[in-house]
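Numbering-wise, the sequence shown is residues -36 to -1, 1 to 1088 according to mature numbering (1 follows the signal peptide of the UniProt record, and there is no 0).
C-beta: ideal position from N, C-alpha, C; glycine also.
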Amino acid sequence: MTKRRPLWMAPVRLAAAVAAAGLALLLVAPCDVALAACNNITLCEACQLTNCSPNTTEPLKVQCASQGLTELPCSLQFDDGTPIAQLDFSNNLISMVSAAAFQNAVSLQHTLTALILDNNPITSIEAGAFATLTALNHLNMSSLKLAGALSGNMFSTLTALLTLQLDGNQLDTLPANAFDGLTSLQSLNLANNPISILNADTFQGLSSLLSLSLAGAPISTLSSSSFAGLSALTTLNLNRVPLQTLSAQTFQGLSSLTELDLSNKKIAAIPTQAFVGLSSIESLNLQGNPLSKLSEGAISDMPKLTSLDLSNLAITAIPARSFDNLAALGNITLQGNPIAQLTNASFSSVPSLHTLDLSRCKLTSVPAAAFTAATRLSALTLARNAITTIAARALRGLSKLTAFDISNNPLRALPASIFQGLTSLATLNLAHTNCTLLPPALLTPLHALTSISAAGTPLRAIATGTFDGLPALQHLDLSNARITALAPHSLHNLPRLHDLALGGNPLANISSHALGGDLSSLTTLDLSALRIAAIAPHAMSGATNLTTLLLDHNAITALAADTFAGLSRLATLRITSNPALATLAGGAFDGLSALATLDLSRLPVAELPSHVFAGMSSLQSVVLTGVDLHTLQPNAFANLSHVAAISLAGMSLSSLPSHAFGALPALTSLSLDNNPLASLNTDTFAGPLPLLTTLDLSSHGITALPPRTFSGATAVRSLNLAHNAITTIAPDAFLGLSSATQLVLAGNPIAHVSAGSFAGLGALTSLDLSTSALTGIVSGSFSGLANLTTLTVDTPHLRHLFPGSFTGLSSLHHLSIANTCVTALPDGVLSPLVHVRTLSLRNSSLAGAAVSTLTFDGLSQLVALDLSNNDMTAIGDKAFRPLSATRTLNLSSNALGNFTQAASHVFKGMKALQVLDLSSNPFSTPPANLASLSSLRSVCMGDVPLDCCGLEDLRDSGVLDLNCSVAAMCAMPLHLRGARLMDTNGTLCTGPHKHPHSKAWYRQTRNIAALAGGGGLVVVVVVFLAYRHHRSTRRRYAFTTFDDGSADLPHPPPPSSSTPTTSSSRMSRSRSERTPLLLSAFDDSGRTNTHTHDTSSPRRSRRRRGRDDDDDDLNALSIRITQA
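In structure tokens:
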């Protein structure tokens, strides 16, 4: 007999079934997604192309980068069959490439020549994925997630492939058949992969390969067969490869290689015949290795080698025959080695040597005949050693030497015959040695010498005849050589000398004959920072072609009338910082008709003579910065018809006379900043100044601008009035400046601007009102500035913005309202700025959810938004939706709490967002799926207490910490606290840890469970109501109890609704006190039939069992619902 299940189990079983189905859906759905081979959308939809039917026979390049794709589209062709030459799917979220990915696009087999897949999280490429792309020339698979061994035969059908990029993956093994079939491949990039071993047959078959990059691979050893099969290779990149060992014949077979860079490795020894087979090598770089010696034959058998870099090794000596069989070697660099001495045979086997660098070694001397065998040597550098002596015959036989550098050595003297035979020497550097004397005949043999530097060498004196016999000398640097005197005629007979530097010497005076003689070619003379107190008349008369004369930082007390006599071609004269030159005598500058630049800065001159500039008809620039002038004579600059720039900055001018700058027709720039000016006259700039474009009146004490102050400067484009004491702007203050494009009023206590404040500035494009006293910007403040493109109102006094604050600024591109006390932005206040591209609200007082949906309404062209250093706690819903063009968003240093919505909602509408800065905020949960933002390139979350659970996708996306000043660190879970998120690996949390509700899987499970539970409850209620309805159609029963001995009493009527009988009162009585339970049935007439539960009657017992089954079910169901 089958046991009946209680009625209440039916809804429970139904609820369990619903929950199980939901759980199955939860578990199966991800598998279904993973098994999908492609995205069932068209190429046009996936790439958001505007023309889906180009209708052309010319193969096109299809750009599908940064679209947020997780799969390749199933359809990879145009609707009209237009051929495709290039597909770019870079910077998406594609995780696999299936075997059928390109099989359905038949047209690609013959037209696709380039496929770009870089910067995708691709972990799997199924066998045969590229099998049909037989026309492919270029395949870019950089920065994917390919790990382990590269699949064999992946490229076997790509016989036309020319370039293959696999750099930036996690490949650690290259199997024997990895590159089978790539017979045409010319460039292979395997950089930045954890490949540690190169097998003997890895590159077999790549007979056409020209370029191979293994940069950044952790390869420590190269065997004799590592590069077998690469006979055509010309370029091998091994940068950042920590090689420790080279085997004999390591590069055997690389007969076409022309350049080999093994710099900065860990190679401690080079075995014999290590470079055998490099028959075409021209350049070999071994710098930065811990090599301590060169074994005989280690560097040999490279007949075409021309350049050898052995710098910064640990070599202490150059043994004989170190460079055998290197017939073409011309350039050897040995700088930075602890080589203490040279022998006669060090370079005897290098007949073609022409350039030798031995700088920064530890040489203490140069022996005789050290370079005798190097007869072709043209450049020898011995700088920065410890050389104290050099043999007289050290350079003997070097007739082709053109450059010799022995600077920065403690060399005390040069042998008298050291330069004998050096008939080709053109450049000699003796700077910063300890030589105290240049003997008169020392340089005589150097007939070809063009340049000598003895700067910083303590020569103390230059004797007569020191430079005799140097007819080709053009550059002579004797600066800072402690020279106290120049002997008469010491610089004579230098007919080609162009540049002479004597600056920084303690010369007290220059005699009238020191610079006499034939200096007709001299063009630049530096006499700065000497101790010259006086310059004798005609002292420089021999330098008739002098164009630049520097006399600054001396002790000149006066300039005689004939000081510059004969310098008719002088174009630049600098006499700055001569603290004793208090007066300028009349005629001091007579004869300087070609002078273009005169710099008299920081002279203690109290007055300018009225005709001080007379005769300077070519003068273009006058610099009087820091001159202690208190007044300026009217027409002080009269008749300077060519002067273009005048600087009167940092003087002591307290007023400017009327027409101070009258009749300067060529003047374009006038600087008057940092003077104690308190006011301006209306005719100060009356001019005419028809070409004046730049006027600097900053850092004065100007309190007001008279009407039409600048009426004579109608061409001014840039006016700087910063850091004055201007409090108000008169309506007509700028009338006449119709050409002005830039106005700077920063640092003025301007408390109010209104309509008319900027009247007359219709062409203005830039206005700076920063650090002013503005507390609010009223409507119409910038009326008339329709061309303004840049506005800066960074002031801590600003508190109020109004809906019309920026009305009329429809051309504005850049707005800065930073460092203010603005706490909120009224809706619509920024709406008129339809063309604004950059907006800074940095370091204001924006608090709470200060930005809402309407805050940025209309700013569709905004590219950069800075909201950093505020007090915002949340981002208003859809606040950034209008910002479709914004590329940079800075929300750093706010008080933003946890983000409860996904990034696609928080930053909804920001389809161009590339840089997002969320650093220095207190949230622990960032917006979910940040990496899914299609254009995002960089996310900064430094100084944020991150809960790193679930941030694996962000970590692996390649956008975190890119170009960020502080790295993102984990605060949770506890085992990762203090760890840099980018330094973690794999899954960070295996289960719900602290905030399970933030996990997507938890939310999905919770939703399904809620659905199942709700469905189960509905089933229970429906079943119960159905059962009640069913029972209501049967005879009604009532339960009645009688006291003992009362069975014969009449039955009471059924209880009314007004006097309910509670079961609790009956249930509280003990079993011994209860009377038998009677079941009363009420028929249609109201009569009651009462039956005692008497089990002694079989008939009655059977009838009772049938009813009891039903009643028990009903009671159980009623009790459960009551309890619930």
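- Secondary structure of Ala519 (DSSP, three-state): coil.
- Excluding its 5 nearest sequence neighbours in each direction, Ser743 has C-beta neighbours in its own chain below 7 Å: Phe766, Gly768, Ser769 and Thr771, listed in chain order.
- In this structure Glu260 is exposed. Its beta-carbon is surrounded by fewer than 16 other beta-carbon atoms within 10 angstroms.
- Cα atoms of Leu174 and Leu76: separation of roughly 23 Å, rounded to the nearest angstrom.
- Within the DSSP secondary-structure output, Phe368 pairs in a beta bridge with Leu344 and Leu392.
- In the DSSP assignment, Ser635 falls within the unbroken beta strand (DSSP E) covering Ser633 to Ser635.
- Of the candidates Ala338, Ser443 and Met580, the residue whose Cα lies closest to the Cα of Pro315 is Ala338.
- The Cβ atoms of Ala278 and Ile234 do not sit closer than 8 Å to each other.
- When the beta-carbon positions are compared, Leu365 and Cys399 stay at least 8 Å from each other.
- Non-local C-beta neighbours of Gly92 in its own chain, meaning closer than 6 Å and more than five positions away in sequence, comprise Ala63, ordered along the chain.
- Taking C-beta separations shorter than 7 Å and ignoring five residues to either side along the sequence, the partners of Ala782 in its chain run Asp758, Ser804, Leu805, Arg806, Asn807 and Ser808, following chain order.
- For Asp732, the closest C-alpha among the options Leu709, Gly726, Ile714 and Val930 is that of Leu709.
- When the beta-carbon positions are compared, Leu564 and Phe601 stay at least 8 Å from each other.
- For His939, DSSP records no beta bridge to any residue.
- When only Cα atoms are considered, Ser574 and Gln597 end up about 7 Å apart.
- Between Ala570 and Met615, the alpha-carbon positions lie close to 10 Å from each other.
- Of the candidates Asn68, Phe53 and Ile58, Phe53 places its Cα closest to the Cα of Ile80.
- In the displayed model, Ala449 falls within a strand according to three-state DSSP.
- Under the DSSP assignment, Ala465 falls in the beta strand (DSSP E) whose first and last residues are Asp463 to Ala465.
- Pairing Asp516 with Arg538, the inter-Cα distance amounts to about 6 Å.
- Between the alpha carbons of Leu926 and Ser107 lies a gap of roughly 15 Å.
- Counting of Cβ neighbours within 10 angstroms places His74 among the exposed residues, the total staying below 16.
- Rounded to whole angstroms, the Cβ separation of Leu194 and Gly217 is 7 Å, and the two are in contact under 8 Å.
- For the pair Phe553 and Ser675, the Cα-to-Cα distance works out to about 34 Å.
- Collapsing the DSSP output to three states places Val930 in coil.
- Remark: C-beta atoms of Ala843 and Ser816 approach each other more closely than 8 Å.
- Per DSSP, Asp441 is one residue of the beta strand (DSSP E) stretching across His439 to Asp441.
- A straight-line Cα-Cα distance of about 50 Å links Arg357 and Ala192.
- Restricted to the segment 173 to 216, the beta strand (DSSP E) segments that are unbroken, complete and at least 3 residues in length are 175 to 177 and 199 to 201, listed in chain order.
- In the DSSP assignment, Leu918 falls within the alpha helix (DSSP H) that extends over Glu916 to Asp920.
- Rounded to the nearest whole angstrom, the CA to CA distance from Leu483 to Pro671 is 58 Å.
- Ala630 is the residue among Ala630, Ser663 and Leu669 whose C-alpha sits nearest the C-alpha of Gly651.
- Excluding residues up to 5 positions away in sequence, Thr508, Gly555, Leu556, Ser557 and Ala558 lie with their Cβ nearer than 8 Å to the Cβ of Ser532 in the same chain.
- The three-state secondary structure of Leu152, taken from DSSP, is strand.
- Ranked by Cα distance from Asp432, the first of Ala418, Leu455 and Ile296 is Leu455.
- By the neighbour-count definition (other C-beta atoms within 10 Å, threshold 16), Cys912 is a buried residue.
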